[in-house]
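Here's the structure, in structure tokens; my notes come after.
There are 2 protein chains.
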Amino acid sequence: MRITILGAGEMGSALATPTAANGHDVRLWGTGRDDAIVAALRAGQPHPRLGPALPRAVRVFGEAEIDAALDGAELVVLGVTSFGINPVLAQLGDRLRGARAILTVAKGFDEAEEGQIRPLTDLVAERCDAPVVGIGGPSIASEVATGHPTAVVFALPDAATLRVCHDTFETPVYRVETTSDLVGVEVAAAMKNAYAIALGIAEGLQIATGASHHNLRAALFPMAVREMARLADAMGGRAETVAGLAGAADLVVTITAGRNRTLGEMIGTGVPVGEAVRSLASAGTMIEGYAAAEAGHRLARGFAGKGGVGGAYPLLHALHAILTEGAPVSETLWAAVG
Amino acid sequence: MRITILGAGEMGSALATPTAANGHDVRLWGTGRDDAIVAALRAGQPHPRLGPALPRAVRVFGEAEIDAALDGAELVVLGVTSFGINPVLAQLGDRLRGARAILTVAKGFDEAEEGQIRPLTDLVAERCDAPVVGIGGPSIASEVATGHPTAVVFALPDAATLRVCHDTFETPVYRVETTSDLVGVEVAAAMKNAYAIALGIAEGLQIATGASHHNLRAALFPMAVREMARLADAMGGRAETVAGLAGAADLVVTITAGRNRTLGEMIGTGVPVGEAVRSLASAGTMIEGYAAAEAGHRLARGFAGKGGVGGAYPLLHALHAILTEGAPVSETLWAAVG
Chain U
1 MRITILGAGE
11 MGSALATPTA
21 ANGHDVRLWG
31 TGRDDAIVAA
41 LRAGQPHPRL
51 GPALPRAVRV
61 FGEAEIDAAL
71 DGAELVVLGV
81 TSFGINPVLA
91 QLGDRLRGAR
101 AILTVAKGFD
111 EAEEGQIRPL
121 TDLVAERCDA
131 PVVGIGGPSI
141 ASEVATGHPT
151 AVVFALPDAA
161 TLRVCHDTFE
171 TPVYRVETTS
181 DLVGVEVAAA
191 MKNAYAIALG
201 IAEGLQIATG
211 ASHHNLRAAL
221 FPMAVREMAR
231 LADAMGGRAE
241 TVAGLAGAAD
251 LVVTITAGRN
261 RTLGEMIGTG
271 VPVGEAVRSL
281 ASAGTMIEGY
291 AAAEAGHRLA
301 RGFAGKGGVG
311 GAYPLLHALH
321 AILTEGAPVS
331 ETLWAAVG
Chain H
1001 MRITILGAGE
1011 MGSALATPTA
1021 ANGHDVRLWG
1031 TGRDDAIVAA
1041 LRAGQPHPRL
1051 GPALPRAVRV
1061 FGEAEIDAAL
1071 DGAELVVLGV
1081 TSFGINPVLA
1091 QLGDRLRGAR
1101 AILTVAKGFD
1111 EAEEGQIRPL
1121 TDLVAERCDA
1131 PVVGIGGPSI
1141 ASEVATGHPT
1151 AVVFALPDAA
1161 TLRVCHDTFE
1171 TPVYRVETTS
1181 DLVGVEVAAA
1191 MKNAYAIALG
1201 IAEGLQIATG
1211 ASHHNLRAAL
1221 FPMAVREMAR
1231 LADAMGGRAE
1241 TVAGLAGAAD
1251 LVVTITAGRN
1261 RTLGEMIGTG
1271 VPVGEAVRSL
1281 ASAGTMIEGY
1291 AAAEAGHRLA
1301 RGFAGKGGVG
1311 GAYPLLHALH
1321 AILTEGAPVS
1331 ETLWAAVG
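Residue numbers (our numbering), protein chains in the order written: chain U, 1 to 338; chain H, 1001 to 1338.
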């Protein structure tokens, strides 16, 4: 199988490991932002952000070599974040047409022109004629790249194509669960980043006050899973998907390590939201959960019914108030628990 | 309301804070093991294991003063661990008769004489004529004692008595959710300690290998919740209880801090199970999850049907094999994920 991975950042590059281990012809294309990475990889050096070197069989392509990179590709991995996906799709034009399936690691929502919010896979599907597989589940890229045990979920209603993707990617250390519930995986994958901010805030309170706040943080966890399940259900997905790898499991990783937790921690210690977001952005870190909280809140508003967002999605509503209205963090989070 | 807390360890003593804050007449009785604590508290010193001093209004009683401690008690809190509950019940004789309700913080199962395994509240209920309320949810005792936000769940089928307990304990910082699903709370509260060992093992692998194992640990989380829900369901409880404070939320705390996680970590780093258990026990630390894994596995065997425990409860089965048969930790855990 010929597989082209678009985006030589951490997660895109990491996926070269299982696919190359299965003996496929793997090509990795770097966007303009990945020039330094491409140069390092071509010089046989370790991936600058990922740690380990790539498998030797992987061929690396620079930005200008997009046509060569995609030549004959049967499976294409969109290995860019939700912030990178629009520019990369624009750059690709109709080059994705012809692939058997597109897999995407981006987590988030897209705002369509009429203001409607939709899963990112819908956006991708518009630009190609292949089915778009969503990838969810706890996968710290460096662990995938070094071959430490990782279990993920691939989602697509089309079972035959899903099976092909499964067989192409699964290795003894990279286990691929499959589900038809693409919506559930997408909602969970996007929203767990938002809820990780909320739980990160509880950690920040701990740092700010010097007093442990484990009980508060833990109490927020099942609320996060419940609200993600409610949102998935409202959008046509399934609660059990959210309770699994793409939701609860990935939330466990995201609250243990990661940018979204870091943003929450900063807010919890008293850094104003705007300042925290700018400071992370200036260090090159875009916060997917921040955008997901806003998009998720707008979606939830549409589904909430009479009780409003605060009734059906109290934690998301509290998070939104903290992020956008400067609501006091400790009181607002705690009020959501009640 | 007159409330007597039996057991002056961390959790028993911590519950003096919300009840005293509500203006109740709170009495704390220390078992023979609590002599040093009782002496310190009577001298006006901070609780030696809990940190803060108790509220001034709380009256402290030593082991010999059990009758005075229980005199006129309307609510009784059994504040001892699952290991302490049998000896304390034996010591109490029929002194619990007369209370309006007994609340218990112990998490675990009891082995009845005929070898049948049952929730601890059944054991307690045998010794008194009052309803027995199970307490679940993430509550690190020091946070409860210092008045940091904590949300717990009280469980009892009898709604009127449950309401009395709720109103007696709930404060602005100690929030009490209520449920009729006592079985669900008990299974979750007991089994989360067992599953925390499994997730702790993944942390130990991280220490042993120097390579992060976040993905494996996270993948185990939803399996733990799913298996606890299955066991609760088989015993007449409800899956949504397990997904809430007593299960998923408390598991988040238990894998972040606590003895059960520590045991897992030791096993993951390669310490033989027996040695790890003995070493913790000799430091005065009994591991509730170790006993719960054994009891839970026996229960699961009874419910598993044709596929066996490994089919319906793969993670519990793997944990059991590691704890009792010396199965290789990394391979055994990972095989359970598949």
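Even for Gly, the Cβ is constructed at its ideal location relative to N, Cα and C.
It should be emphasised that the depicted structure is a prediction, and the values quoted were computed from it without experimental measurement.
query: Please tell me whether ARG298 of chain U and ILE117 of chain U are closer than 8 Å, where the distance is taken between their beta carbons.; result: yes
query: Closer than 7 Å between beta carbons: that is the criterion. Which residues of the stretch 1175-1199 of chain H meet it against chain U?; result: ARG1175
query: Mapping the DSSP letters down to three states, classify ALA1304 of chain H as helix, strand or coil.; result: coil
query: When Cβ atoms are compared, which residues of the stretch 1121-1154 of chain H fall closer than 8 Å to chain U?; result: GLY1137, PRO1138, SER1139, ILE1140, SER1142, GLU1143, VAL1144, THR1146, HIS1148, PRO1149, THR1150, ALA1151
query: Identify every run of the alpha helix (DSSP H) within the stretch 1240-1271 of chain H, keeping only runs that are complete inside it and at least 4 residues long; order them along the chain.; result: 1250-1254, 1259-1268
query: Please report the straight-line C-alpha distance between LEU1089 of chain H and ALA283 of chain U, rounded to a whole angstrom.; result: 60 Å
query: In chain order, what residues of the same chain have a beta carbon less than 6 Å from the beta carbon of LEU123 of chain U, not counting five sequence neighbours either side?; result: ASP110
query: Can you find the residues in the same chain that come closer than 7 Å, C-beta to C-beta, to ARG1217 of chain H, ignoring five residues on each side of it along the sequence?; result: LEU1199, ALA1202, GLU1203
query: Mind reading off the beta-carbon distance from LEU54 of chain U to SER82 of chain U? Whole number of angstroms is fine, and I expect it under 8 Å.; result: No, LEU54 of chain U and SER82 of chain U are not in contact; Cβ-Cβ is about 24 Å, not under 8 Å.
query: Suppose only complete runs of 3+ residues qualify. What are the beta strand (DSSP E) ranges in the stretch 1168-1228 of chain H, listed by chain order?; result: 1174-1179
query: How far does the alpha helix (DSSP H) with VAL1105 of chain H in it reach, from first residue to last?; result: Counting along the chain, VAL1105 of chain H falls outside any alpha helix (DSSP H), and DSSP gives it neither H nor E.
query: What residues from the stretch 211-222 of chain U come within 9 Å of chain H, judged by C-beta to C-beta, listed N to C?; result: ALA211, SER212, HIS213, HIS214, ASN215, LEU216, ARG217, ALA218, ALA219, LEU220, PHE221, PRO222
query: Whose Cβ in chain H lies nearer than 8 Å to the Cβ of VAL225 of chain U?; result: ALA1243, ALA1248
query: Could one say the Cβ of GLY1237 of chain H lies closer than 8 Å to chain U's Cβ atoms, at least one of them?; result: no
query: Does DSSP classify GLU1113 of chain H as helix, strand or coil?; result: coil
query: Just how far apart, CA to CA, sit GLY325 of chain U and LYS1192 of chain H?; result: Here residue 325 of chain U turns out to be Glu, not Gly, going by the sequence shown. Near 37 Å, if we compare the C-alpha coordinates of LYS1192 of chain H and GLU325 of chain U.
query: Kindly list the residues whose CB is nearer than 6 Å to the CB of HIS317 of chain U, restricted to its own chain and excluding five residues on each side of it in sequence; keep chain order.; result: VAL309, GLY310
query: Measuring alpha carbon to alpha carbon, tell me which residue in U:ALA190, U:TRP29, U:GLU177, U:PRO18 is nearest GLU143 of chain U.; result: U:PRO18
query: Only counting runs of 4 or more residues, tell me where the alpha helix (DSSP H) segments fall wholly within the stretch 31-74 of chain U, in order along the chain.; result: 35-42, 66-70
query: Report the three-state DSSP secondary structure of ASP1122 of chain H (helix, strand or coil).; result: helix
query: Going by DSSP, what residue range makes up the alpha helix (DSSP H) through ARG2 of chain U?; result: Premise fails: ARG2 of chain U lies in the beta strand (DSSP E), 2-6, not in any alpha helix (DSSP H).
query: What does the alpha-carbon distance come out to for the pair ALA276 of chain U and GLY264 of chain U?; result: 9 Å
query: In the DSSP assignment, what residue or residues form a beta bridge with ARG27 of chain U?; result: U:THR4, U:ARG59
query: Considering only the alpha carbon of each residue, which of U:LEU315, U:LEU75, U:ALA64 lies closest to ASP167 of chain U?; result: U:LEU75
query: Is the CB of ALA257 of chain U under 8 Å away from at least one CB in chain H?; result: yes
query: For MET235 of chain U, which of U:GLY302, U:SER279, U:VAL253 has the nearest alpha-carbon?; result: U:GLY302
query: Would GLY384 of chain U pass as an interface residue toward chain H - the criterion being a Cβ-Cβ separation below 8 Å?; result: With chain U running from 1 to 338 in the structure shown, residue 384 of chain U is simply not present.
query: Would you kindly check if the distance between the Cβ of ALA1295 of chain H and the Cβ of PRO138 of chain U is under 8 Å?; result: no
query: Check the C-beta distance from LEU1078 of chain H over to GLY1134 of chain H and give it rounded, since I have them as a contact under 8 Å.; result: In fact, because the Cβ distance is near 10 Å, the residues do not count as touching under 8 Å.
query: Going by the CB atoms, is the gap between ARG1127 of chain H and VAL337 of chain U shorter than 8 Å?; result: no
query: Do you know whose CA, among H:GLN1045, H:TYR1290, H:ALA1073, lies nearest ARG1056 of chain H's CA?; result: H:GLN1045
query: Where does VAL1329 of chain H sit, in a helix, a strand or coil, going by DSSP?; result: helix
query: I'd like the list of long-range same chain contacts for PRO149 of chain U, defined as Cβ closer than 7 Å, with 5 residues on each side in sequence excluded.; result: VAL173
query: Can you list the residues of chain H that TRP334 of chain U reaches, using a CB-CB cut of under 7 Å?; result: PRO1149
query: Report back the beta-carbon spacing between GLY1032 of chain H and GLY1084 of chain H to the nearest angstrom; my notes put them in contact at under 8 Å.; result: Contact flag wrong, Cβ pair sits at about 10 Å.
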